[in-house]
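Q:
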Amino acid sequence: MSSGSPLLAARGTSRSFGKTAALDAVELEVWEGDALALVGPNGAGKSTLLSILAGALEPSGGDVERRNGLRVGWAPQRPAQYGRLSARENLELFARLEGEPDPKAAAGRLLDEFDLPGEAAPSSNLSVGNRQRLNLAIALLGDAEVLLLDEPTAALDPEQRRRLWERAAALREAGGAVVFATQNLDEVERVADRVAALRDGGLVFAGPAGEYDRSQTESLFA
Amino acid sequence: MNRIALLLRKDVLVLRRSPLLLGILLAYPIAIAVLVGLVASYASSKPRVAFVDEDNLPPTVIVGGERFHVDRTIREVSQNVKLVRLSPEAARRQLRTGGVVAVVTVPPGFIASLKGMVKSPQLELELSKGTLSSRVEQQVQALVYSLNRQLQRAYIENNLRYVTLILHGGDGSFLGQPIDVLGIEKADKVLAGMPQTPKVERLRGFLHDARLALANTDDALRSTAHPIELVRSPTRGRTWVLSAEVQAYALGLTITFLALMLAAGSLAAERDENVIGRLARGLIGLGHLIWAKVALAAGVAVVLGLAIAVAFGAIIEVGGVTGGEPWRRLPLLVVGLVLAGGALGALGALLGALAGEARSASLVALLVVMPIVFLGLIPAEVVPPAAWASDALPFAHSVRFFSAALYDLSPWGSVLREGLWLVALGAAFGGLARVGARRLLV
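Protein chains in written order, with the working numbering: chain U, 1 to 222; chain S, 223 to 664.
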């Protein structure tokens, strides 16, 4: 953990949908080199927290702090891309929106890296796995320093999972960070160096992965 | 590239790849143009009317000393309908089957009544049931009016011949009997040759006054026949039905339908595709997103509006309707299409933001189109609140803008007023859509 301010922090962050509280005053910091796993049962608030950290959703209460000029990449759980555009067109469009200096080159690089088809077929025709890969590839545009990934490996084959975590490791070594939500506790033990466990929108555990008690978290799912 | 332009380009690409939607977008203006063309051709067509002669009209008829050629007279007075001579049975059959829209019957004794000049002869009119009947009735009334005018002219000419005979003297006939009339002028000459006694001078004074009065009888008699005469100025341009109302409403309806559907559907689709969150996290503001949808609606409005205007103009040209300057006004129409498309697009974006997902948004937009259009059709004098409500929506302003832009001789006042309305409504609906779009992030 580096000294100074965190890259990204949730400060008493809450979010309600109507009368339902999805997130309740969560305090969480993301530092350089972090691989932070968000765990918890369905509806615990993991996706909501990631959306708020990404800036895609406004908190109902509290705040989100970002280090000045921080670039954040976000891959939501449900792929966020235009179904009538091809994988290449999606990547080029978001590369332009992200301000990539050479959008075509960036799109070509990510197509290769994620083994995505380059032809003009609409992305809605892609397999579930390929759509998830495209979703992750879009998140990597714009030279992100922090990656927020919502169940990123759920539809990936083992080889793609390995590549993804290699990429995440490279980002951490370069001073970036990865925050990922997952239901896969083996993946937590293998990849994460910190864990935050959520239940009913509240943070029930936050600390180093070494202090994380798997059986305690498994009881959350139960 | 500007981020709004990027999204607009994406929307156009998506539109091109939606064959059904694109087909509807292309077919819709063509259908509207064809329907307008049909209305136009209907407006300039002559209804087929059966003419049943049960009085065996002779080739010529002498009424009030005036000789009428029956067929020529009928041809002259039936310019707005196509009269077809039929037997009574054939006329009834065709009236039932729609072959003719009306039957005009000359009953037995018609000519005798006409010549007798004691009571008005009657023509019998039988109309089909349907939307054309009132129009045909008006045209047959016009036919009878024209016939009456010709007869009236004949009567007046005949009466004026008697006046001329009284003035100048000569041979003539009255009630079939030959007459020899001295005339005022000759009577004055006779009196001038006599000793000018006070009685003779009084008689000559009377003849002088009578001559002056009868000299003016011509105009007086003609003006009695037409106390008020309507003189129609020669006009250039299309008929009313062909022009402003039909084309302006065709454009307004098309643009309203398309702009509302497109803007509502495409904004809500950003949420359906789960992309709005990705966009809203700093890639593009919600306000810019609304702008992109407004620009999409305005762009499609221009393309399709111009297609309709060009198709309409071509139909008019092919139909041989002379006059009118639609081509010269197209640039002004483009301005109206941009403003109308934009304002309606902003309203559509608001519907899309409120509906939340693309299918509901399209359905809501579809349901909203008809009330908006009907509100715009209700005259302000009939239901003032409807007109007020319509003023708060872009449809009526769009129609007025299109109508003024295409046909007003001095369109600038109307165009400026309606243009400002559209800008204000577009800004208001766009602002509301911007606020409503936050719902899409949930």
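The beta carbon of each residue, even a glycine, is placed where N, CA and C say it ideally should be.
Per DSSP, which residues does proline 400 of chain S bridge with? Please list them.
A: Looking at the DSSP assignment, proline 400 of chain S forms a beta bridge with S:Ser395.
Q: Secondary structure at phenylalanine 205 of chain U, three-state DSSP: helix, strand or coil?
A: Strand, per DSSP.
Q: With 16 other CB atoms within 10 Å as the buried threshold, where does arginine 133 of chain U fall?
A: Classification for arginine 133 of chain U: buried.
Q: Does any CB atom of chain S fall closer than 8 Å to the CB of alanine 163 of chain U?
A: Checking the displayed sequence, the identity of residue 163 of chain U turns out to be arginine instead of alanine. No, no contact with chain S.
Q: Mind reading off the beta-carbon distance from leucine 482 of chain S to leucine 566 of chain S? Whole number of angstroms is fine, and I expect it under 8 Å.
A: That belief holds up - the Cβ atoms of leucine 482 of chain S and leucine 566 of chain S are roughly 6 Å apart, short of 8 Å.
Q: Return the chain-ordered list of same chain residues with a C-beta closer than 6 Å to the C-beta of alanine 155 of chain U, the five sequence neighbours on each side being excluded.
A: Cβ neighbours of alanine 155 of chain U beyond the five flanking positions: Val128, Gly129 and Gln132.
Q: Give me the chain U residues within the contact set of glycine 499 of chain S, using Cβ-Cβ distance strictly less than 7 Å, ordered along the chain.
A: Within chain U, the residues near glycine 499 of chain S are Ser51, Ala56, Leu57, Pro76 and Ala80.
Q: Looking only at its chain, what residues have a beta carbon closer than 8 Å to the beta carbon of valine 146 of chain U, apart from the 5 residues adjacent to it on each side?
A: So the list reads Leu7, Leu8, Val30, Leu70, Arg71, Val72, Gly73, Gly176, Ala177, Val178 and Val179, once near-sequence residues are dropped.
Q: Can you tell me where the beta strand (DSSP E) with serine 636 of chain S in it begins and where it stops?
A: Run containing serine 636 of chain S: none in the beta strand (DSSP E); it sits in the alpha helix (DSSP H), 634-658.
Q: Determine, for glutamate 151 of chain U, whether the minimum Cβ-Cβ distance to residues of chain S falls below 8 Å.
A: Answer no: the Cβ-Cβ gap between glutamate 151 of chain U and chain S never drops below 8 Å.
Q: Measure the Cβ-Cβ separation of valine 403 of chain S and leucine 382 of chain S and say whether it is below 8 Å.
A: Not a contact, by the Cβ cut-off of 8 Å.
Q: Only counting runs of 4 or more residues, tell me where the alpha helix (DSSP H) segments fall wholly within the segment 570-645 of chain S, in order along the chain.
A: Runs of the alpha helix (DSSP H) inside the segment 570-645 of chain S: 580-599, 606-613 and 616-629.
Q: Between the segment 494-511 of chain S and the segment 625-635 of chain S, do at least 3 Cβ pairs fall closer than 8 Å?
A: Output reads no: the segment 625-635 of chain S does not touch the segment 494-511 of chain S.
Q: What separation, rounded to the nearest whole angstrom, lies between the Cα atoms of serine 226 of chain U and alanine 608 of chain S?
A: Because chain U here runs from 1 to 222, residue 226 of chain U falls outside it and cannot be looked at.
Q: Can you list, in chain order, the residues of its chain whose CB lies under 8 Å from that of histidine 291 of chain S, leaving out five sequence neighbours each side?
A: Within the same chain, histidine 291 of chain S has close Cβ partners Pro281 and Thr282.
Q: Who are the near neighbours of tyrosine 471 of chain S in its chain, counting only those whose CB is closer than 7 Å to its CB and skipping five residues on each side?
A: Within the same chain, tyrosine 471 of chain S has close Cβ partners Val621.
Q: So if DSSP puts aspartate 63 of chain U in a beta bridge, which residue, or which two residues, is it bridged to?
A: Answer by DSSP bridge pairing, in chain order: U:Arg11.
Q: Alanine 174 of chain U by DSSP, collapsed to three states: which one?
A: Coil at alanine 174 of chain U, not helix or strand.
Q: Could you pull out every residue in the same chain whose Cβ sits closer than 7 Å to the Cβ of proline 329 of chain S, ignoring the five residues on either side in sequence?
A: Once the five neighbours on either side are set aside, the close Cβ partners of proline 329 of chain S are Glu276, Asp277, Gln344 and Glu346.
Q: Mapping the DSSP letters down to three states, classify glycine 83 of chain U as helix, strand or coil.
A: Coil at glycine 83 of chain U, not helix or strand.
Q: Tell me the rounded alpha-carbon separation between glycine 546 of chain S and phenylalanine 479 of chain S.
A: Only weak support is given to the placement of glycine 546 of chain S: the predicted model assigns it a pLDDT of 49, under 50, and the question is left unresolved by the model.
Q: Should tryptophan 643 of chain S go down as buried or exposed, given a rule of 16 or more other Cβ atoms within 10 Å for buried?
A: Its Cβ being crowded by 16 or more others within 10 Å, tryptophan 643 of chain S is buried.
Q: Below 8 Å between beta carbons is the criterion; list the residues of the segment 113-140 of chain U that meet it against any residue of chain S, in chain order.
A: Within the segment 113-140 of chain U, the qualifying residues are Pro122 and Ile138.
Q: Ignoring anything shorter than 3 residues or poking outside the segment 69-127 of chain U, list the beta strand (DSSP E) runs there in chain order.
A: Correct list: 72-75.
Q: Assess contact between the segment 39-59 of chain U and the segment 16-26 of chain U, defined as three or more Cβ pairs (one per stretch) separated by less than 8 Å. Is contact present?
A: Short answer: they touch.
Q: Residues of the segment 492-523 of chain S with a CB closer than 7 Å to any CB of chain U: list them in chain order, please.
A: Against chain U - using a Cβ distance shorter than 7 Å - the residues of the segment 492-523 of chain S are Glu495, Asn496, Val497, Gly499, Arg500, Ala502, Arg503, Gly504, Leu505 and Ile506.
Q: Is leucine 237 of chain S helix, strand or coil by DSSP?
A: Helix at leucine 237 of chain S.
Q: To which residues of the same chain is proline 456 of chain S closer than 7 Å at the C-beta, ignoring the five residues directly before and after it?
A: Caution is warranted here: a pLDDT of 49 is assigned to proline 456 of chain S, below 50, making its placement in the model unreliable, and no coordinate value can be reported.
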